[in-house]
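Every number in our numbering is 506 more than the matching position in the sequence shown, counting from 1.
Taking it in order: structure first as structure tokens, then the write-up.
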Amino acid sequence: MTPLDDLLSAAGRVDEITTGQWQRGRAALDPAIAIAASAIPVAAQPSRAAQPSRPSRPTRYGLRRKFALAGTAVAACAAVGAVALVLDAGGPAVDAQAATLLRNAGTAAGKQQGGWPNAPYWDVTSVYQRDGKTYHREIWISHHGDSVLRDGGAPGGGVLPLGAGLFPAGGTALTWDELYALPTDPAQLTATLNADIKGAGPNPQSELFTIVGDLLRESPAPPALRRALYDVAAGIPGVHLTGKVTDMLGRKGTGVTRDGETLVIDPADGRLLADTEDGWTSAYVHQGPASSAPAASPQEGKS
């Protein structure tokens with residue numbers, strides 16, 4: 507038996523977990539994931555061309571693309587994956603109201619100015635709530651070289667080194683240039699992203715919805731790609747409209763949700779204002795290109 511078999515045997519029967527439990531479990535591993543991955547040379551960081559079977563779930567401490575886990579983190583992550591692959595049963599229908607909202611938001615997003623194929627960094631500022639506390643977060647995702655993160659909720663504080671800038675797409679991580687090579691035809695983009703899932707997430711449709719959110723919240727996706735991402739989301743069964751939402755910064759938006767993950771969108775311009783998952787609430791203050799990033803704190807990422 508493998509160590510994972512021993513772990514699962516000792517755990518006994520485990521009920522199917524919810525998407526929120528899946529997300530909280532993987533989020534709990536994020537500090538160890540970020541610290542371990544920060545020691546990997548940029549050249550060794552995998553992308554679409556050479557990808558391990560499963561990256562970690564969305565992280566509040568760093569990019570979801572962190573693949574190097576050490577010691578018990580490996581076993582814990584594998585155990586979560588082993589018990590959390592729950593397939594959709596019954597085939598939920600596409601919500602017409604949600605689809606209309608998403609397509610309208612996509613049209614608005616596609617009309618915005620932008621396109622940053624050569625920017626040195628993508629800078630995202632946000633605030634999030636966890637366990638009743640509010641934290642500030644800023645991430646500088648690098649086009650070439652190392653990304654860095656300043657997160658008030660991360661252990662140790664300071665500026666955390668994250669390694670190469672890659673963008674999560676299910677079981678695949680995309681480089682900046684690969685992100686810009688994604689098709690902007692919704693049908694082709696859906697097929698590409700579905701192929702990139704590779705077993706990630708609680709089920710393929712939920713993971714596709716998560717990918718859309720990931721690429722809207724912390725990536726330099728150009729307007730045409732953002733429009734296509736909204737169109738992809740509009741075609742995902744089980745996504746439904748939750749109505750008007752006021753985010754933690756007091757901004758008005760409209761929510762769409764699937765499996766406990768809610769995206770709060772401004773339909774007027776297609777911005778992702780906020781998102782919520784079980785136990786987490788985030789609001790996105792700023793996204794844009796940057797010419798530089800702060801230096802990482804020397805003590806961060808060291809073991």
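All residues carry an ideal CB built from backbone N, CA and C; glycine is no exception.
Practice problem: Measure from the alpha carbon of ASP683 to the alpha carbon of each residue in TRP622, ALA602, GLY659, then state which is nearest. | Solution: Translated into positions along the sequence shown, residue 683 becomes position 177. Ranking TRP622, ALA602, GLY659 by Cα distance to ASP683 puts TRP622 first.
Quiz item: Are the Cβ atoms of ALA615 and ARG723 separated by less than 8 Å?
Solution: For the purposes of this step, residue 615 is identified with residue 109 of the sequence shown, where counting begins at 1. For the purposes of this step, residue 723 is identified with residue 217 of the sequence shown, where counting begins at 1. No, the Cβ-Cβ distance between ALA615 and ARG723 is not below 8 Å.
Exercise. Check each candidate in PRO661, THR716, TRP628, GLY658 and name the one with the smallest Cα separation from HIS650.
Key: Residue mapping note: residue 650 aligns to position 144 of the sequence shown, counting from 1. Considering only alpha carbons, the answer is TRP628.
Self-check item: Identity of the residues DSSP links to ALA792 by a beta bridge
Solution: Your numbering for residue 792 matches position 286 in the sequence shown. Reading off the sequence, residue 792 comes out as His, not Ala. Partner(s): THR631.
Quiz prompt | Residue of GLY620, ARG636, ALA602, GLN603 minimising C-alpha distance to GLY785 | solution = For the purposes of this step, residue 785 is taken as residue 279 along the sequence shown, with counting starting at 1. Checked all of GLY620, ARG636, ALA602, GLN603; the closest Cα to GLY785 is ARG636.
Self-check item: Distance between ARG764 and SER712 (C-alpha atoms, nearest Å)
Solution: Translated into positions along the sequence shown, residue 712 becomes position 206. Translated into positions along the sequence shown, residue 764 becomes position 258. When rounded, the distance between both Cα atoms is 7 Å.
Exercise. Pull up the distance between the alpha-carbon of ALA780 and that of ILE771, whole angstroms please.
Key: On the sequence shown, position 274 is the one that residue 780 refers to. On the sequence shown, position 265 is the one that residue 771 refers to. If I take the Cα positions, the gap works out to 7 Å.
Quiz item: Got a sec? Which residues, its chain only, sit under 6 Å from GLN557 by beta carbon, not counting five neighbours each side?
Solution: By 1-based counting over the sequence shown, the position of residue 557 is 51. Confidence at GLN557 is low in this model, with a pLDDT of 37, below 50, so its placement is unreliable and the value that follows should be read with caution. Excluding sequence neighbours, GLN557 sits near THR678.
Quiz item: What is the DSSP secondary structure of GLY766, counted as helix, strand or coil?
Solution: Residue numbering aside, residue 766 sits at position 260 when the sequence shown is read from its first letter. Looking at GLY766 - three-state DSSP - the assignment turns out to be coil, as it is neither helix nor strand.
Practice problem: Take the Cβ of LEU593 as the centre, count every other Cβ of all protein chains shown within 10 Å, and call the residue buried at 16 or more, exposed below. | Solution: Position 87 of the sequence shown, counting from 1, holds the residue named residue 593. Low per-residue confidence applies at LEU593: pLDDT is 32, beneath 50, and the placement is therefore not dependable, though the value from the model is reported in the following sentence. Looking at its Cβ environment, which holds fewer than 16 other Cβ atoms inside 10 Å, LEU593 is exposed.
Practice problem: Check whether the Cβ of SER797 sits closer than 7 Å to any heavy atom of the ligand FMN, and report yes or no. | Solution: Although the ligand FMN was asked about, the structure shown includes no ligands whatsoever.
Quiz prompt | Beta-carbon proximity list for LEU655, same chain, < 6 Å, skipping 5 on both sides | solution = Within the sequence shown, the letter at position 149 stands for residue 655. So the qualifying residues of the chain are GLY568, ILE645, LEU666, LEU668.
Self-check item: Distance CB(SER748)-CB(VAL762) smaller than 8 Å
Solution: As a working mapping, residue 748 is identified with position 242 in the sequence shown. As a working mapping, residue 762 is identified with position 256 in the sequence shown. Per the sequence shown, residue 748 should be read as Thr rather than Ser. Yes, these two residues count as a Cβ contact at 8 Å.
Quiz item: Looking at LEU714 and LEU699, is the spacing between their C-beta atoms short of 8 Å?
Solution: Reading the sequence shown from its first residue, position 193 is the one you call residue 699. Reading the sequence shown from its first residue, position 208 is the one you call residue 714. Taking 8 Å as the Cβ cut-off, LEU699 and LEU714 qualify as a contacting pair.
Quiz item: Does the distance from the C-beta atom of TYR686 to that of PRO729 stay below 8 Å?
Solution: As a working note, residue 686 is residue 180 in the sequence shown. As a working note, residue 729 is residue 223 in the sequence shown. Cβ atoms of TYR686 and PRO729: not closer than 8 Å.
Quiz prompt | Sheet register partners of ILE647 (DSSP bridge) | solution = Looking up residue 647 in the sequence shown gives position 141. Paired residue(s): TRP628.
Quiz item: Hey, how far is the Cα of GLY744 from the Cα of THR613?
Solution: Residue numbering aside, residue 744 sits at position 238 when the sequence shown is read from its first letter. Residue numbering aside, residue 613 sits at position 107 when the sequence shown is read from its first letter. For GLY744 and THR613, the distance between alpha carbons rounds to 22 Å.
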